[in-house]
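Residue numbers (my numbering), protein chains in the order written: chain A, 2 to 369; chain B, 9 to 648; chain C, 421 to 729.
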């Protein structure tokens with residue numbers, strides 16, 4: 002017990018040091034550190050609607066993170082979250098544009114399903130490339146991120162563009178306002194809390210159940226633990242590697258459709274970059290997953306906290322007129338400091354050892 | 009695996025740290041102050057400064073889009089408390105910021121990004137006392153507390169383009185753009201149109217696909233330089249990369265959105281600067297008066313919202329600056345139209361086709377059009393089908409040329425009109441030019457042209473009157489129609505006013521029958537005629553007779569001196585290029601037709617070309633010039 | 421299309437490709453060294469941004485390009501020390517700590533730029549230096565041998581890195597520590613120190629890459645790299661952890677980008693096809709890798725922190 006308390010003290014100290022660093026930066030900019038912290042907390046948790054906004058911000062992180070845990074536990078590194086989010090968003094947008102008059106209770110699940118399918122495709126491709134063509138997944142997912150951004154631009158400025166934009170000649174890369182029947186229903190009036198939040202939580206729970214309560218999950222984890230042993234046990238390693246990436250992608254794809262249909266404007270819009278649409282959820286989700294020890298359920302609070310950092314930061318900029326860059330730098334420092342603290346390291350090591358992710362590389366997979 | 013149930017230490021840590029910090033701040037401080045009700049009475053200007061907030065997608069000091077708005081708000085002549093959230097290109101984050109500023113009690117929230125519109129439509133109704141200002145956009149989507157603003161960026165683009173055209177030696181100009189959207193595409197299209205209209209032979213445009221990728225912009229500029237580009241422009245915050253390349257290569261640069269002189273003090277020629285404050289002041293005045301939104305505004309050259317700021321450190325060749333100022337003036341008063349999304353001019357020569365009823369070297373009607381197209385100051389690839397006096401044949405030729413992909417098809421014959429009305433609607437991207445006619449029959453891809461042939465006729469007639477001894481002048485005409493009858497009526501009027509006693513007119517009934525024309529001329533000569541004129545291609549027969557009889561001849565439509573070098577006195581020459589240039593400029597600006605043009609003495613489309621080989625009696629020439637002057641300024645009316 | 425195949429245009433395209441490839445190559449070679457020793461650094465982009473900013477600031481204040489290059493190197497070195505402490509000293513999980521460095525570098529460079537400089541100001545750019553004799557070779561000389569000194573350095577580092585890895589003791593240590601740290605340890609090689617030095621070298625080269633990027637452009641802007649560092653990491657895999665392969669990847673990527681730009685300028689790619697064309701570099705890289713698929717062997721200890729058993 003004492004050991005645990007001492008164990009928690011060190012990372013606590015690390016967090017304090019991180020915040021101290023931030024305080025110094027705030028002082029250098031002429032802002033009060035206490036006011037800064039106040040702003041961040043206020044922005045994240047200051048009111049019911051703020052908490053709801055934090056939850057909404059965290060939702061894609063939960064989904065991506067849960068997907069990442071599936072992939073990582075199979076020893077595949079999925080950095081393609083951005084591309085999978087985009088693919089899910091595009092496919093669900095096309096569905097909403099094609100079938101706008103379906104009643105909401107059909108259309109909402111349908112667009113979420115379409116999101117899952119889109120993400121699955123963008124997950125399965127690098128997965129299959131890895132399994133069957135030995136193309137390293139870090140490379141292919143990074144490249145696919147680049148490809149999907151341009152594809153999104155092409156579609157949003159071409160076939161999917163809002164006809165009004167063409168008329169007006171402004172050509173913003175956005176779709177027309179999508180069918181209200183596809184809008185994610187709000188759960189609490191007066192807030193932005195929509196059905197996407199419980200969907201994400203549900204998805205994380207399902208991911209947990211799949212991984213630890215089904216034969217499929219068992220096979221995935223076995224492959225992650227030791228591909229050779231798994232093959233010896235008759236498990237098709239290649240198929241499972243592909244499956245892991247596909248499942249991981251599908252969750253990110255759902256995040257994409259939630260980003261579209263939970264948005265204020267009810268349309269898919271971009272500024273031309275990936276992050277302009279995704280908000281770097283494909284990336285931040287990885288951090289959230291790893292902070293949660295690669296366990297789908299702990300990804301939930303982890304993503305909430307990361308979401309709080311992000312929403313708090315916008316408030317920080319607005320209230321203190323401090324550049325947003327400060328909050329970005331601060332986030333980075335927090336990540337570094339927390340991840341560096343020893344017991345965290347130890348604990349992560351132990352749980353990652355179980356996942357086998359960083360013990361063996363599935364690059365050694367022999368021909369099947 | 010049961011171990012997984014333990015609460016993750018890292019999360020414990022973060023929770024603990026946050027709670028720790030939360031306590032340190034003191035409980036009450038976490039409550040935000042209630043939003044002040046300063047905007048309850050719209051007509052009351054709030055005591056104290058106006059609280060304005062800007063949400064912008066890129067850095068507020070990016071020497072481009074976002075900076076333009078910040079500078080403009082700071083330039084407002086009123087007390088403003090300004091808050092800025094910049095770098096918010098993620099739409100959801102921007103939406104949160106907009107909503108947050110509204111909740112904070114700002115009076116005016118500027119959503120400076122077209123992509124923020126959708127979110128704004130959801131947020132604005134929740135805050136009816138806040139004025140939201142949105143751009144670039146031209147529609148307030150029916151919300152009465154939203155003002156919209158947009159730059160007519162094509163205007164300044166057009167001006168920049170026209171100046172660029174006068175600076176380029178190679179004739180090739182390069183453009184580095186981000187993504188084909190918003191004010192970027194407007195600026196670039198305007199620039200291209202202005203440059204091509206100004207005489208550049210090629211404008212090469214590269215959209216890099218990113219607003220922020222500086223390295224890519226630099227390489228795009230390099231690629232342009234490798235293709236003989238010697239003047240560059242571009243838009244969006246990534247252009248700093250292209251400007252750097254321009255600096256190294258010593259290539260002039262044109263900027264937009266903000267004054268970019270500081271980026272290359274020796275090479276920036278001019279920048280189209282956005283002065284949003286011009287429309288912001290109007291919006292705020294409306295707000296003072298209780299109108300919180302519901303109108304769309306445009307900044308343009310006319311209202312001073314767009315200003316072409318020249319760099320004094322760049323020395324322009326003589327006259328260029330004045331030409332630019334004139335261009336700005338022309339755009340301001342509407343003479344030049346820059347505002348269409350896609351200029352219709354393709355890179356490469358303009359493909360023009362003429363369908364003419366008579367020979368293209370007939371020294372008359374058809375030749376006049378061919379000569380005029382060849383006189384155009386632009387790169388033209390010309391195809392001609394002449395001698396098509398059979399209307400069906402001409403129609404087939406016109407349609408065929410349109411199908412071949414010609415940009416401009418000239419149907420040079422009044423009789424082709426009916427066919428043209430059937431053909432033109434089938435080819436909406438082709439400009440059809442029809443004459444002589446003064447009505448485009450409501451088709452928007454047809455230009456009409458007609459000569460005020462009576463004017464030159466009158467001048468010819470007056471000169472003829474001073475040459476005749478017998479006082480009887482003869483006219484050989486084809487059919488009493490079109491420019492023929494105009495010319496002949498004017499000639500008759502001028503001759504009679506000039507003192508002739510009789511003007512005998514014969515319409516042979518044919519445009520082409522040379523023999524008949526010759527006989528008509530003979531008939532006149534038998535009636536004491538001692539000066540002749542005529543119109544249409546068959547006059548060559550009449551001129552032959554005149555030559556044999558030593559009788560002076562007056563020509564029209566083309567310069568007919570070569571037909572009788574000793575006897576042709578003067579010819580009213582049709583210079584169609586004067587109006588063709590105008591039509592092509594309109595086409596460059598996206599207007600493919602729908603206007604009728606006239607050539608006359610005043611606009612130089614009609615020119616009386618004297619034959620130096622014919623010696624006029626003293627004073628006759630001067631009198632003729634005076635007559636031309638009088639017609640030009642309206643003193644003398646030749647009207648038909 | 422004929423316009424593209426004129427010699428002057430082809431030469432210009434090649435020159436552009438080499439210029440574009442330079443920062444990728446420098447960063448990627450550095451990452452290769454680090455990864456061969458078993459360390460994955462996903463923070464390369466952040467390191468590049470910080471070194472780019474400080475290099476830029478150095479030129480802005482002093483006008484001295486070589487000082488600026490040195491500053492970039494030093495910043496990279498400093499970040500390397502930080503990363504080394506985190507990764508080797510504290511054995512933090514490499515994936516996340518790298519991303520943390522990326523986020524940190526992105527934010528700090530942006531912040532410092534806004535505070536210290538504000539509106540972008542152009543600075544001197546690296547001058548082109550002609551290689552004697554070689555630059556006189558018609559066409560080829562113009563493309564290859566009239567570049568700046570950092571480009572020459574980058575390409576010289578390719579054989580240098582290869583030699584380092586294959587022919588020096590230190591290189592042997594790096595490889596063994598990356599393959600089988602237990603065995604290396606038992607043979608008396610200090611795993612920690614080897615990895616630490618490898619990290620220092622790798623990050624210093626990332627620092628050079630940032631300096632090269634900003635000094636080639638002559639200007640800085642927030643997020644100047646636009647993800648370049650991540651692509652550099654990807655290129656290490658493309659090159660199968662061999663310097664020559666990495667160079668091939670960087671050149672391929674640069675060449676496709678340069679060609680797309682040239683074709684856009686010539687109108688071969690119409691404006692409407694811009695977006696699809698922008699996908700070309702990424703797609704071609706994947707296709708190339710599939711085509712060249714071979715049994716690729718990653719360093720076995722890659723991303724595994726070392727603990728003595």
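The C-beta atom is built at its ideal place from N, Cα and C for all residues, glycine as well. Since the structure is predicted, the reported quantities are computational estimates derived from the model, not experimental observations.
Practice item. Using beta-carbon positions only, say whether residue 678 of chain C and residue 254 of chain B come within less than 9 Å of one another. Key: Counting from one through the third chain, the residue named residue 678 of chain C turns up at place 258. Counting from one through the second chain, the residue named residue 254 of chain B turns up at place 246. Against a cut-off of 9 Å, the Cβ pair of residue 254 of chain B and residue 678 of chain C comes out as no contact.
Point to revise | Three-way DSSP call (helix, strand, coil) for residue 602 of chain C in this model | key: Within the third chain, the letter at position 182 stands for residue 602 of chain C. If DSSP states are grouped into helix, strand and coil, residue 602 of chain C belongs with the helices.
Check your understanding: Secondary structure at residue 307 of chain B, three-state DSSP: helix, strand or coil?
Key -> Counting from 1 along the second chain, the entry for residue 307 of chain B is found at position 299. Of the three classes helix, strand and coil, the one that applies to residue 307 of chain B here is strand, per DSSP.
Exercise for review: Would you give the residue range spanned by the alpha helix (DSSP H) that residue 124 of chain A belongs to?
Suggested key: In the first chain, residue 124 of chain A corresponds to position 123, counting from 1. 105 to 134 is the span of the alpha helix (DSSP H), which, as asked, contains residue 124 of chain A.
Exercise for review: Measure the alpha-carbon distance for residue 653 of chain C versus residue 135 of chain A and round it to whole angstroms.
Suggested key: One-based indexing of the third chain puts residue 653 of chain C at position 233. One-based indexing of the first chain puts residue 135 of chain A at position 134. Roughly 17 Å separates the two Cα atoms.
Point to revise | Alpha-carbon spacing of residue 370 of chain A relative to residue 647 of chain C, whole angstroms | key: Chain A is shown from 2 up to 369; residue 370 of chain A falls before or after that span and cannot be answered.
Check your understanding: So who's on the other strand from residue 579 of chain B, going by DSSP bridges?
Key -> Residue 579 of chain B sits at position 571 when you count from the first residue of the second chain. For residue 579 of chain B, which the question treats as bridged, DSSP gives the partners B/563 and B/617.
Review point. Would you call residue 102 of chain A buried or exposed, if buried means 16 or more other Cβ atoms sit within 10 Å of its Cβ?
Key: Within the first chain, the letter at position 101 stands for residue 102 of chain A. Exposed, because fewer than 16 other Cβ atoms sit within 10 Å of the Cβ of residue 102 of chain A.
Point to revise | Endpoints, the beta strand (DSSP E) within which residue 91 of chain B is located | key: Within the second chain, numbered from 1, the residue matching residue 91 of chain B stands at position 83. From DSSP, the beta strand (DSSP E) with residue 91 of chain B extends over 88 to 93.
Check your understanding: What number of angstroms, rounded off, separates the C-alpha of residue 470 of chain C from the C-alpha of residue 588 of chain B?
Key -> Residue numbering aside, residue 470 of chain C sits at position 50 when the third chain is read from its first letter. Residue numbering aside, residue 588 of chain B sits at position 580 when the second chain is read from its first letter. Cα-Cα distance, rounded: 59 Å.
Review point. Hey, quick one: how far does the alpha helix (DSSP H) through residue 227 of chain B stretch, first residue to last?
Key: Taking the first residue of the second chain as 1, we reach residue 227 of chain B at position 219. 222 to 233 is the extent of the alpha helix (DSSP H) around residue 227 of chain B.
Check your understanding: Between the segment 198 to 210 of chain A and the segment 54 to 70 of chain A, do three or more beta carbon pairs fall short of 8 Å?
Key -> The segment 198 to 210 of chain A, when compared against the segment 54 to 70 of chain A, does touch it at the 8 Å Cβ threshold.
Practice item. Please confirm whether residue 264 of chain B and residue 195 of chain B have their CB atoms less than 9 Å apart. Key: Numbered from its first residue, the second chain carries residue 264 of chain B at position 256. Numbered from its first residue, the second chain carries residue 195 of chain B at position 187. Their beta carbons are under 9 Å apart, which means residue 264 of chain B touches residue 195 of chain B by this criterion.
Exercise for review: Report the partner residues of residue 215 of chain B according to the DSSP bridge assignment.
Suggested key: For this step, residue 215 of chain B is matched to residue 207 along the second chain. DSSP output for residue 215 of chain B lists B/185 as bridge partner(s).
Exercise for review: From the DSSP output, in three-state form, read off residue 614 of chain C for me.
Suggested key: Taking the third chain and counting its residues from 1, the one referred to as residue 614 of chain C is at position 194. Residue 614 of chain C: helix per DSSP, three-state reduction.
Practice item. In angstroms with no decimal places, state the Cα-to-Cα distance between residue 508 of chain B and residue 462 of chain B. Key: Counting from 1 along the second chain, the entry for residue 508 of chain B is found at position 500. Counting from 1 along the second chain, the entry for residue 462 of chain B is found at position 454. Taking the straight line joining both Cα atoms gives about 17 Å.
Check your understanding: Any residues in the segment 460 to 494 of chain B with a beta carbon nearer than 8 Å to a beta carbon of chain A? Which ones, in chain order?
Key -> For chain A, none of the residues of the segment 460 to 494 of chain B brings a beta carbon within less than 8 Å of one of its beta carbons.
Practice item. Use the C-beta contact count for residue 268 of chain A: other C-beta atoms within 10 angstroms, 16 or more gives buried, fewer gives exposed. Key: Stepping through the first chain from its first residue, residue 268 of chain A is reached at position 267. Buried: at least 16 other Cβ atoms inside 10 Å.
Check your understanding: Which class does residue 195 of chain A belong to by DSSP, given the choice of helix, strand or coil?
Key -> What you label residue 195 of chain A is simply residue 194 of the first chain in a count that begins at 1. DSSP places residue 195 of chain A in strand when its eight states are reduced to three.
Exercise for review: Taking all protein chains shown into account, decide if residue 536 of chain C is buried (16 or more other Cβ within 10 angstroms of its Cβ) or exposed.
Suggested key: Counting from 1 along the third chain, the entry for residue 536 of chain C is found at position 116. Answer is exposed; the Cβ neighbour count stays below 16.
Check your understanding: Relative to the alpha-carbon of residue 112 of chain B, which residue among A/23, A/324, A/340 and A/320 has its alpha-carbon at the smallest distance?
Key -> Counting from one through the second chain, the residue named residue 112 of chain B turns up at place 104. When each option's Cα is compared against that of residue 112 of chain B, the closest is A/320.
Exercise for review: Could you tell me which chain B residues have their CB closer than 7 Å to the CB of residue 695 of chain C, listed as they occur along the chain?
Suggested key: Locating residue 695 of chain C in the third chain gives position 275, where the first residue counts as 1. Under the 7 Å cutoff, chain B gives 217.
Check your understanding: So, are the CB atoms of residue 305 of chain B and residue 241 of chain B less than 9 Å apart?
Key -> By one-based count along the second chain, residue 305 of chain B stands at place 297. By one-based count along the second chain, residue 241 of chain B stands at place 233. Their beta carbons are not under 9 Å apart, which means residue 305 of chain B does not touch residue 241 of chain B by this criterion.
Exercise for review: Inspect the beta-carbon positions of residue 261 of chain A and residue 179 of chain A and report whether they are closer than 9 Å.
Suggested key: Sequence index remark: in the first chain, residue 261 of chain A carries index 260 (1-based). Sequence index remark: in the first chain, residue 179 of chain A carries index 178 (1-based). Yes, they are a contact pair.
**Study point:** Collapsed DSSP secondary structure at residue 459 of chain B in the structure displayed
**Key:** Counting from one through the second chain, the residue named residue 459 of chain B turns up at place 451. Note: residue 459 of chain B maps to strand in three-state DSSP.
Point to revise | residue 25 of chain A - partner residues in DSSP beta bridges | key: By 1-based counting over the first chain, the position of residue 25 of chain A is 24. DSSP output for residue 25 of chain A lists no bridge partner at all.
Check your understanding: Helix, strand or coil: how does DSSP classify residue 442 of chain B here?
Key -> Against the second chain, residue 442 of chain B aligns to sequence position 434. Looking at residue 442 of chain B - three-state DSSP - the assignment turns out to be strand.
Exercise for review: Could you name the residues of the same chain whose beta carbon sits closer than 7 Å to that of residue 427 of chain C, not counting the 5 residues immediately before and after it, in chain order?
Suggested key: Sequence index remark: in the third chain, residue 427 of chain C carries index 7 (1-based). If we look at residue 427 of chain C and ignore the five residues flanking it on each side, its Cβ neighbours are 559.
**Study point:** Per-residue DSSP class, three states only, for residue 528 of chain B
**Key:** Along the second chain, read from residue 1 onward, the residue named residue 528 of chain B stands at position 520. DSSP places residue 528 of chain B in helix when its eight states are reduced to three.
Review point. Residue 193 of chain A: buried (16+ other C-beta within 10 angstroms of its C-beta) or exposed?
Key: To locate residue 193 of chain A, count along the first chain from 1; it is residue 192. Residue 193 of chain A should be labelled buried.
Practice item. Buried or exposed for residue 553 of chain C, please, with buried defined as at least 16 other CB atoms from any protein chain shown within 10 angstroms of its CB. Key: In the third chain, residue 553 of chain C corresponds to position 133, counting from 1. Answer is exposed; the Cβ neighbour count stays below 16.
Review point. Using DSSP with H/G/I as helix, E/B as strand and the rest coil, what is residue 142 of chain B?
Key: As a first step, residue 142 of chain B is located in the second chain; it is residue number 134 there, counting from the start. Correct three-state label for residue 142 of chain B: strand.
Practice item. Please classify residue 727 of chain C: is it buried, with 16 or more other beta-carbons within 10 angstroms of its beta-carbon, or exposed? Key: For this step, residue 727 of chain C is matched to residue 307 along the third chain. Counting Cβ neighbours within 10 Å, residue 727 of chain C comes out exposed, since fewer than 16 surround it.
**Study point:** Below-9 Å beta-carbon distance, residue 221 of chain A vs any chain B residue
**Key:** Taking the first chain and counting its residues from 1, one reaches residue 221 of chain A at position 220. It does not; no Cβ of chain B falls within 9 Å.
Check your understanding: Does any C-beta atom of chain A lie closer than 9 Å to the C-beta of residue 596 of chain C?
Key -> Taking the first residue of the third chain as 1, we reach residue 596 of chain C at position 176. Closer than 9 Å: no.
Review point. If you run the structure through DSSP and keep just helix, strand and coil, what is residue 317 of chain B?
Key: Here residue 317 of chain B is taken as the residue at index 309 of the second chain, counted from 1. Residue 317 of chain B: strand per DSSP, three-state reduction.
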